[in-house]
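Trainee:
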Amino acid sequence: MCRTDLETRLKEARTLLKKAVRLTALTGAGISAESGVPTFRGEQGLWKKYRAEELATYEAFLRQPELVWEWYNWRRDLIAEKRPNPGHQALAALEKGRDFTLITQNVDGLHLLAGSRNVLEIHGSIWRVRCTACGRGRDDRSVPLPYPPLCPDCRGLLRPDVVWFGEALDAGLWEKALDKVVSGQLMLVVGTSALVQPAASLAWEAKRAGVLVMEINPERTPFSAEADLVLSGSAGVILPALVSETGSTP
Ligand code: BJW
Ligand code: ZN
Numbered sequence: 247m248c249r250t251d252l253e254t255r256l257k258e259a260r261t262l263l264k265k266a267v268r269l270t271a272l273t274g275a276g277i278s279a280e281s282g283v284p285t286f287r288g289e290q291g292l293w294k295k296y297r298a299e300e301l302a303t304y305e306a307f308l309r310q311p312e313l314v315w316e317w318y319n320w321r322r323d324l325i326a327e328k329r330p331n332p333g334h335q336a337l338a339a340l341e342k343g344r345d346f347t348l349i350t351q352n353v354d355g356l357h358l359l360a361g362s363r364n365v366l367e368i369h370g371s372i373w374r375v376r377c378t379a380c381g382r383g384r385d386d387r388s389v390p391l392p393y394p395p396l397c398p399d400c401r402g403l404l405r406p407d408v409v410w411f412g413e414a415l416d417a418g419l420w421e422k423a424l425d426k427v428v429s430g431q432l433m434l435v436v437g438t439s440a441l442v443q444p445a446a447s448l449a450w451e452a453k454r455a456g457v458l459v460m461e462i463n464p465e466r467t468p469f470s471a472e473a474d475l476v477l478s479g480s481a482g483v484i485l486p487a488l489v490s491e492t493g494s495t496p
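Position in the sequence shown (from 1) plus 246 gives the number in the numbering used here.
1) What is the DSSP secondary structure of Thr273, reduced to helix, strand or coil?
2) Quick check on Asp497: buried or exposed, where buried means 16 or more other Cβ atoms within 10 Å of its Cβ?
3) Indicate the three-state DSSP secondary structure (helix, strand or coil) for Thr350 in the structure shown.
4) Please state whether the Cβ-Cβ distance between Ser278 and Asn319 is less than 9 Å.
5) Using the DSSP secondary-structure output, state which residues sit across from Gly383 in a beta bridge.
6) Could you check whether Phe411 and Thr303 sit closer than 9 Å to each other, using their CB atoms as the reference points?
7) Report all residues from its chain with a CB closer than 7 Å to the CB of Ala298; omit the five preceding and five following residues, and keep chain order.
8) For Gln335, count neighbouring C-beta atoms within 10 Å of its own C-beta (all shown protein chains included) and say buried if the count is 16 or more, exposed if not.
9) Let me have the residue list for the ligand ZN: C-beta closer than 5 Å to any non-hydrogen atom, ordered along the chain.
10) Hey, Leu477 and Arg255: beta-carbon distance below 9 Å or not?
11) Can you tell which of Glu312, Leu432, Ser447 has the C-alpha that lies nearest to the C-alpha of Thr438?
12) Measuring alpha carbon to alpha carbon, tell me which of Leu396, Leu419, Gly370 ends up nearest Cys380.
13) Flag Glu413 as yes when its Cβ comes closer than 8 Å to any non-hydrogen atom of the ligand BJW, and as no otherwise.
14) Residue range of the alpha helix (DSSP H) that Pro395 falls in?
15) For Asp474, which three-state DSSP category applies?
16) I'd like to know whether the C-beta atoms of Ala452 and Met433 end up nearer to each other than 9 Å.
17) Just how far apart, CA to CA, sit Ala499 and Val427?
18) Would DSSP call Arg255 helix, strand or coil?
19) Could you check where the beta strand (DSSP E) with Val564 kicks off and where it finishes?
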């Protein structure tokens, strides 16, 4: 997309954003890329080095819990020193004065660190652990977690409190996300390959409900053709450009 093209689209996007009072955003790994957190797919993606099915399934965890924990400890260590970038900050600013729900597939916690409060972490959090025996979850930010991490209540093996392939999303969070998306006026789809279900379906559900959807991504995705407006570029540049002149309140 050439510069003038992007400028025109940004202008249009700002006008639409100014009018919107009920807003949602769906974010993916791309928004944290500029903070130095690797994405999953693509050339620099995490799955280039590791096979998803070897690490991000419960079966993999049952087979090789130590290997899975090694991977999560490595990621916890990497994420612990990362900070929110201007993309996260712009979304936090957008929350002020609006009915704004931020739905994130990311487990890194960077939206919360940026000051967003109305956040639905639909794939869980890398900073939470859950007992495989009694099911209790708790926050735990220690890095690394000594292996094997055991539940203080029942001595069961702890797992990362994230959603692996083949697992259901938390029903309450999912219903709230879907409800906010379809009852909104505008939705931003930021930094996601729009490949992983059911999260990606939120963008299509929004369209079906007549919600205006803007996509922000340097690459095209399976959703791009459906989006009302595609702002092609990195979230750390586009989002601040969108929000700064829109102001934090409508
Ligand atoms: C930038 C940027 C910049 C770069 N600025 N942008 C066949 C068809 C359809 C579905 C399936 C199927 N086979 C299996 C399924 C189901 C499966 C699925 O969707 N698989 C697909 C891969 C095909 N889904 C599931 O299994 C889900 N559960 C389920 O279906 O349960 C059924 C069930 C129901 C009832 C009872 C029981 C079961 C669960 C999915 C869980 C996904 N989990 C992960 C791991 C989380 C934990 C962890 O982090 O360790 O979630 S996988 C991984 O993918 C992670 C992410 O949240 C998720 C999405 O990835 P994301 O965020 O889109 O990242 P990338 O890397 O893909 O893309 C980055 C994007 O950023 C790119 O577009 C870049 O261009 C862009 N970008 N720099 C803006 N600076
Ligand atoms: Zn327990």
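Backbone N, C-alpha and C fix where the C-beta goes; we use that ideal spot for every residue, glycine too. Since this is a predicted model, take the numbers as computed values, not measurements.
Mentor: Judging by the given coordinates:
1) strand
2) No answer is possible for residue 497: it lies beyond the span of the chain, which begins at 247 and ends at 496.
3) strand
4) no
5) Arg376
6) yes
7) Phe411
8) buried
9) Cys377, Ala379, Cys380, Cys397, Asp399, Cys400, Gly402
10) yes
11) Ser447
12) Leu396
13) yes
14) Neither: Pro395 is in no alpha helix (DSSP H) and is coded neither H nor E.
15) coil
16) yes
17) Summary: the structure shown does not reach residue 499, with the chain confined to residues 247 through 496, and so no result is reported for it.
18) helix
19) What the structure shows of the chain is the stretch from 247 to 496, and residue 564 is not part of that stretch, so it cannot be assessed.
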